[in-house]
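Here's the structure we're looking at; comments come further down.
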Amino acid sequence: MKKIVLIISFLMALSVNAQEKNKKLTFDVDGKCEMCKMRIEKAALGVDGVKYASWAIPTHELSLVIDERKTNSMQVKMAIAAVGHDSKELKATQEAYDNVHACCKYREDDTDDSKKH
Amino acid sequence: MKKHFWLLASLIVIKLSAYAQEDKVEGQIFEATAAGEELGLSGANIYWLNSPIGTITDEDGYFSISFSNEYNKLVVSYIGFQTDTLFIDKPTKIKLALKPANQLDEVVVQDKRESLEKSYFSAQNVVTVGSEELLKAACCNLSESFETNPSIDVNFNDAITGTKQIEMLGLTSPYILITQENIPMVRGASQTFGLTFTPGTWVESIQITKGMGSVINGYESISGQINTELVKPLTDVPLFVNLYGNRNGRLELNTHYNTKLSKKWSTGLYLHTNRRDIEVDNNGDGFLDAPLANQVNVMNRWQYQNPETGWVSFLNLRYLTDSKQLGQEGFEPENRANSNLWGSEIDTKRFDSSVKLGYVFPNLPFQSFGFQASYSIHDQESYYGLNQYNIEHQSVYSNLLFNSIIGNTQHKFKTGLTLAIDDYNELVNNVRYTRTDGSFGAFFEYAYTNLEKLSLTAGLRFDSHNRLGEFFTPRLHIRYTPWERASLRGSFGMGRRAANFFAENQRMFASSRRIELLGNGGSIYGFEPEKATNFGLSLLQGFTLFNRQGDFSVDFYRTNFENQIVVDWENAEEVVFSNLEGESYANSLQIELSHELLERFKVRTAYKFYDVKTTYQTGLLQKPLLAKNRFFTNLEYQTKIKNNSRWKFDYTMHAVGQQRLPNTEANPAATQLGEFADAYVLMNSQVTREFSPKFEMYVGGENLTGFTQNMPIIGANNPFGTNFDTTIVYGPIMGRMVYAGLRYKIL
Numbered sequence: 027m028k029k030i031v032l033i034i035s036f037l038m039a040l041s042v043n044a045q046e047k048n049k050k051l052t053f054d055v056d057g058k059c060e061m062c063k064m065r066i067e068k069a070a071l072g073v074d075g076v077k078y079a080s081w082a083i084p085t086h087e088l089s090l091v092i093d094e095r096k097t098n099s100m101q102v103k104m105a106i107a108a109v110g111h112d113s114k115e116l117k118a119t120q121e122a123y124d125n126v127h128a129c130c131k132y133r134e135d136d137t138d139d140s141k142k143h
Numbered sequence: 002m003k004k005h006f007w008l009l010a011s012l013i014v015i016k017l018s019a020y021a022q023e024d025k026v027e028g029q030i031f032e033a034t035a036a037g038e039e040l041g042l043s044g045a046n047i048y049w050l051n052s053p054i055g056t057i058t059d060e061d062g063y064f065s066i067s068f069s070n071e072y073n074k075l076v077v078s079y080i081g082f083q084t085d086t087l088f089i090d091k092p093t094k095i096k097l098a099l100k101p102a103n104q105l106d107e108v109v110v111q112d113k114r115e116s117l118e119k120s121y122f123s124a125q126n127v128v129t130v131g132s133e134e135l136l137k138a139a140c141c142n143l144s145e146s147f148e149t150n151p152s153i154d155v156n157f158n159d160a161i162t163g164t165k166q167i168e169m170l171g172l173t174s175p176y177i178l179i180t181q182e183n184i185p186m187v188r189g190a191s192q193t194f195g196l197t198f199t200p201g202t203w204v205e206s207i208q209i210t211k212g213m214g215s216v217i218n219g220y221e222s223i224s225g226q227i228n229t230e231l232v233k234p235l236t237d238v239p240l241f242v243n244l245y246g247n248r249n250g251r252l253e254l255n256t257h258y259n260t261k262l263s264k265k266w267s268t269g270l271y272l273h274t275n276r277r278d279i280e281v282d283n284n285g286d287g288f289l290d291a292p293l294a295n296q297v298n299v300m301n302r303w304q305y306q307n308p309e310t311g312w313v314s315f316l317n318l319r320y321l322t323d324s325k326q327l328g329q330e331g332f333e334p335e336n337r338a339n340s341n342l343w344g345s346e347i348d349t350k351r352f353d354s355s356v357k358l359g360y361v362f363p364n365l366p367f368q369s370f371g372f373q374a375s376y377s378i379h380d381q382e383s384y385y386g387l388n389q390y391n392i393e394h395q396s397v398y399s400n401l402l403f404n405s406i407i408g409n410t411q412h413k414f415k416t417g418l419t420l421a422i423d424d425y426n427e428l429v430n431n432v433r434y435t436r437t438d439g440s441f442g443a444f445f446e447y448a449y450t451n452l453e454k455l456s457l458t459a460g461l462r463f464d465s466h467n468r469l470g471e472f473f474t475p476r477l478h479i480r481y482t483p484w485e486r487a488s489l490r491g492s493f494g495m496g497r498r499a500a501n502f503f504a505e506n507q508r509m510f511a512s513s514r515r516i517e518l519l520g521n522g523g524s525i526y527g528f529e530p531e532k533a534t535n536f537g538l539s540l541l542q543g544f545t546l547f548n549r550q551g552d553f554s555v556d557f558y559r560t561n562f563e564n565q566i567v568v569d570w571e572n573a574e575e576v577v578f579s580n581l582e583g584e585s586y587a588n589s590l591q592i593e594l595s596h597e598l599l600e601r602f603k604v605r606t607a608y609k610f611y612d613v614k615t616t617y618q619t620g621l622l623q624k625p626l627l628a629k630n631r632f633f634t635n636l637e638y639q640t641k642i643k644n645n646s647r648w649k650f651d652y653t654m655h656a657v658g659q660q661r662l663p664n665t666e667a668n669p670a671a672t673q674l675g676e677f678a679d680a681y682v683l684m685n686s687q688v689t690r691e692f693s694p695k696f697e698m699y700v701g702g703e704n705l706t707g708f709t710q711n712m713p714i715i716g717a718n719n720p721f722g723t724n725f726d727t728t729i730v731y732g733p734i735m736g737r738m739v740y741a742g743l744r745y746k747i748l
């Protein structure tokens with residue numbers, strides 16, 4: 027029995043180790059401008075375990091480095107949806123989308139017009 | 002035994018309890034293998050369609066997602082499997098097998114470097130001058146690159162060497178840390194002429210930081226920092242040729258040759274040469290208005306870049322030889338011993354080498370380390386009339402830097418070590434001065450941003466220096482966005498330096514002033530090191546008018562000297578160096594407005610106010626040869642690009658207010674200058690024709706109104722007499738000057 031306990035706890039420890047401390051991820055997030063970039067990155071970094079977040083305006087790609095022991099991509103997407111930005115899987119509620127600044131209404135027109143505001 | 006059993010049991014209970022809540026959909030996602038096994042799929046996406054709610058399966062394929070009446074389509078997706086959508090209208094438990102997709106969705110993770118930081122968001126007050134801006138005033142070297150920039154004032158060093166000197170916040174260049182790719186460059190022996198040793202075409206961009214800079218580059222910066230990025234073999238054009246000539250006989254040639262040796266290695270060879278053979282004396286004082294000059298400047302750069310491993314490296318080698326002959330017309334250096342003409346020669350040879358090594362951790366874009374090391378030797382041999390001045394300066398500088406984060410990128414830090422050794426060997430007439438300065442320091446800089454309104458940088462360094470002692474240097478920068486498109490900044494910091502007062506003030510040798518050293522027994526040729534604090538506030542506000550962009554900024558800075566080497570020119574017969582006794586401060590205020598008034602027509606204007614006072618032997622006085630008020634305007638117009646070609650027009654105006662002159666009352670009446678120099682206006686303009694992206698020509702004029710200083714040289718008719726002085730210069734020596742040039746590149 028003692029051995030089994032040891033083996034099980036060893037396995038549990040192993041399964042924890044399989045999750046990377048610095049996991050690199052990228053996925054698309056909808057948005058259009060400098061202000062969106064700031065909002066998206068802030069929301070992503072607000073999730074415990076997200077170490078790095080950089081959203082590229084032209085490609086709409088969010089690059090992340092996360093601690094997999096603490097979080098996962100879906101939690102980041104939920105945080106981003108909560109501030110009004112859609113990803114492939116998750117859509118922001120109309121209420122959250124209505125709260126983004128007027129210049130950031132990417133669902134209507136997603137061309138980058140940062141220079142104008 | 003029992004103990005272990007309960008431990009195990011409780012672990013299982015804890016694990017299960019996560020799935021035992023109401024209002025949730027729970028279950029397991031697995032893959033049914035050919036062998037009939039059920040393999041839990043870890044990391045599968047589970048989300049409600051068109052909702053903001055989602056989750057991911059754990060290592061055994063289990064999940065739990067909250068249930069809401071608003072959504073009823075649950076999507077299960079996993080890379081390499083077909084996406085499945087389930088209709089679910091109440092909290093339930095599910096078990097779902099995913100079918101492998103026929104084609105694998107490939108995910109390519111690309112390495113991306115962070116783009117440049119915007120000055121609206123950085124904590125420091127940084128202005129970046131790009132290559133486009135540098136083309137507005139085509140001539141010639143770094144000292145002339147600031148003519149179109151209101152943050153820096155370009156003044157005249159003296160009446161004979163044709164050298165310009167820059168000022169920031171009302172303080173001269175020794176108080177500005179001037180670096181080249183973050184390696185301190187214009188300092189020590191090169192303080193007076195160093196800016197003329199970087200040809201304008203080599204410059205890719207310039208970053209001007211007002212107020213205290215970062216602690217990373219050392220403790221020396223006091224009023225600001227200017228960093229120059231040079232063109233790089235990998236990004237510069239394969240071939241570039243620039244020819245320049247002006248009416249006063251100055252000719253310049255710049256060539257760049259860059260080649261890619263392999264995927265990872267590139268190299269560039271850059272040649273600059275300039276010369277002036279014509280003797281010009283338009284003001285008829287018998288002295289050349291600008292020196293006869295000859296410079297050859299060669300640089301070789303090697304760049305290594307490997308995006309797969311994250312290594313980046315630069316190797317730089319540069320050699321230059323520069324000779325100037327100045328003084329009276331007809332002076333022949335060969336017959337110097339028998340000549341009764343006043344003449345001067347300044348010969349400089351300089352070698353620079355540096356290596357940079359950078360590593361970005363491939364999976365951690367926020368973590369990197371950098372190492373840089375440089376060695377330079379600067380050898381100047383010169384005489385000014387009967388005064389001899391030689392200086393040899395060898396310098397070793399090395400910096401190790403590590404960048405990373407605390408938790409996430411909202412909290413970044415930089416830390417590292419600096420080692421610097423400077424060896425000086427100076428000959429002032431018959432007296433030899435030698436010294437070796439060595440310092441070792443460690444620094445830590447923390448940067449915080451809340452990603453919206455607030456960012457802050459706090460740095461501290463500790464240095465141990467054989468002459469300055471052991472000391473801390475704190476620096477702090479804060480930025481806050483009070484409302485839209487605005488940036489409010491504050492900075493505070495301390496700086497120190499060992500003044501090289503002969504090299505910095507070598508124009509004094511071109512006068513018959515007696516040199517008086519009133520040191521107080523300090524460690525640098527009998528003087529104490531300089532020490533100052535600086536703080537500043539600035540506001541930047543962007544706006545849109547007529548549907549075009551503009552910005553408005555106000556900044557105020559104050560520098561307080563605790564100790565300073567005071568250079569006192571107030572007695573016309575001598576120049577006195579002493580440590581500060583009493584007050585010395587510099588207040589500067591700048592108001593700037595830029596706007597694209599009409600399409601492709603940009604206006605930039607600035608007003609500057611300087612209140613710079615130092616306690617001289619005769620009391621607290623405004624710094625001489627510094628205008629209290631300055632006004633600046635730059636107009637730029639570009640035509641639309643048609644058939645790959647266009648016109649560019651630039652106009653710059655500097656209105657320089659009244660300047661206090663050093664006291665000349667002791668001189669005979671004819672050589673007295675009065676108390677103040679009158680205000681004057683300087684205008685420059687340039688027209689550029691871009692024939693194609695490969696070829697362009699330009700024509701320009703400097704000092705269009707032709708204003709020149711009356712009597713720039715005091716006692717010019719008797720240069721070996723007691724009143725001779727070339728140091729009191731408040732305005733241009735040369736009148737209107739026309740130049741033309743061309744640029745050709747192979748893309």
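For the protein sequence lines, the chains are A and B, in the order given.
Residues 27 to 143 (this note's numbering) are what the first sequence spells out, left to right.
Residues 2 to 748 (this note's numbering) are what the second sequence spells out, left to right.
C-beta: ideal position from N, C-alpha, C; glycine also.
The model shown is predicted, which means the values in this text are computed figures rather than measured ones.
On the CB-based measure, 16 or more other CB atoms within 10 Å of its CB, does residue i come out buried or exposed?
i: A/E121; result: exposed
i: B/N556; result: In the sequence under discussion, the amino acid at residue 556 of chain B is Asp, which differs from the Asn named in the question. Looking at its Cβ environment, which holds 16 or more other Cβ atoms inside 10 Å, B/D556 is buried.
i: A/H144; result: Residue 144 of chain A lies beyond the range of chain A shown here (27 to 143); nothing can be said about it.
i: B/T727; result: buried
i: B/K94; result: exposed
i: A/A39; result: Low local confidence applies: a pLDDT of 48 at A/A39 is under 50, so the model's placement there is unreliable, with the coordinate-based value given in what follows. So A/A39 counts as exposed.
i: B/W203; result: buried
i: B/S585; result: buried
i: B/A511; result: buried
i: B/E505; result: buried
For residue i, return the contacting residues in chain B, with the cut-off set at a CB-CB distance below 9 Å.
i: A/V55; result: Per Cβ cutoff of 9 Å: no residues; A/V55 is ~12 Å from chain B at best.
i: A/N98; result: G44, T56 and I57
i: A/A128; result: Ordered by position in chain B, no residue passes the 9 Å Cβ test against A/A128, which lies about 12 Å from the chain.
What residues from chain A crowd round residue i, counting only those whose CB sits closer than 9 Å?
i: B/L365; result: N48, K50, K77, Y78 and V91
Using the beta-carbon of each residue, which ones in chain A are nearer than 8 Å to residue i?
i: B/N51; result: K117
i: B/Y79; result: Within 8 Å Cβ-Cβ: nothing; B/Y79 doesn't reach chain A, min ~12 Å.
Chain E partners of residue i, CB-CB under 7 Å?
i: A/L71; result: As a matter of chain content, chain E is missing from the structure shown, whose protein chains are A and B.
Applying a beta-carbon distance threshold of less than 7 Å, which residues of chain B neighbour residue i?
i: A/L103; result: The sequence given here has Lys at residue 103 of chain A, not Leu. Result: G55.
If you measure from the CB of residue i, is any heavy atom of the ligand ATP nearer than 7 Å?
i: B/R433; result: By its list of ligands, the structure shown contains no ligand whatsoever, and the ligand ATP lies outside what it can speak to.
List the residues of chain B that residue i touches, going by C-beta distances under 8 Å, in chain order.
i: A/E67; result: L452
For residue i, go through chain A and note every residue whose CB falls closer than 7 Å to its CB, in chain order.
i: B/Y360; result: Those within 7 Å of B/Y360 in chain A number zero; the least Cβ separation is about 16 Å.
i: B/Y447; result: Chain A residues near B/Y447: none, gap ~16 Å exceeds 7 Å.
query = With contact counted as at least three CB pairs below 8 Å, one residue from each stretch, are the segment 461 to 474 of chain B and the segment 442 to 453 of chain B in contact?
reply = yes
task = Please confirm if the segment 357 to 372 of chain B is in contact with the segment 295 to 303 of chain B, defined as three or more CB-CB distances below 8 Å between the two stretches.
result = no
query = In chain order, which continuous runs of the beta strand (DSSP E) of length 3 or greater are located wholly inside the segment 173 to 249 of chain B?
reply = 177 to 181, 204 to 211, 225 to 231 and 240 to 247
inquiry  = With three or more C-beta pairs closer than 8 Å as the rule, is the segment 304 to 312 of chain B touching the segment 320 to 336 of chain B?
reply    = no
query = Given 8 Å as the limit, is there contact between the segment 184 to 192 of chain B and the segment 369 to 385 of chain B, that is, 3 or more CB pairs closer than that?
reply = yes
ask   = Three or more beta-carbon pairs under 8 Å between the segment 228 to 246 of chain B and the segment 169 to 181 of chain B, yes or no?
value = yes
request  = Please determine if the segment 629 to 639 of chain B and the segment 599 to 608 of chain B are in contact, where contact requires at least 3 C-beta pairs separated by less than 8 Å.
outcome  = yes
query = What are the residues of the segment 389 to 409 of chain B that lie near chain A, defined by any Cβ-Cβ distance shorter than 8 Å?
reply = I406, G408 and N409
request  = Kindly confirm or deny that the segment 664 to 672 of chain B and the segment 724 to 743 of chain B touch, where touching means at least three C-beta pairs closer than 8 Å.
outcome  = yes
inquiry  = If the cut-off is 8 Å on Cβ atoms, which residues from the segment 59 to 77 of chain B count as contacting chain A, listed in chain order?
reply    = E60 and V76
Whole runs of the beta strand (DSSP E) within the segment 499 to 569 of chain B, excluding any shorter than 3 residues = 515 to 519, 531 to 546, 549 to 564 and 566 to 569
inquiry  = Under 8 Å: do the segment 280 to 290 of chain B and the segment 259 to 267 of chain B share three or more Cβ pairs, one atom per stretch?
reply    = no
Within the segment 643 to 721 of chain B, ranges of the beta strand (DSSP E) (whole runs, at least 3 residues) = 647 to 657, 681 to 691 and 696 to 703
inquiry  = Under 8 Å, with one C-beta from each stretch per pair, do the segment 672 to 690 of chain B and the segment 472 to 492 of chain B reach the 3-pair mark?
reply    = no
request  = Please list the segments of the alpha helix (DSSP H) lying wholly inside the segment 43 to 91 of chain A, counting only runs of 4 or more residues, in order along the chain.
outcome  = 60 to 71
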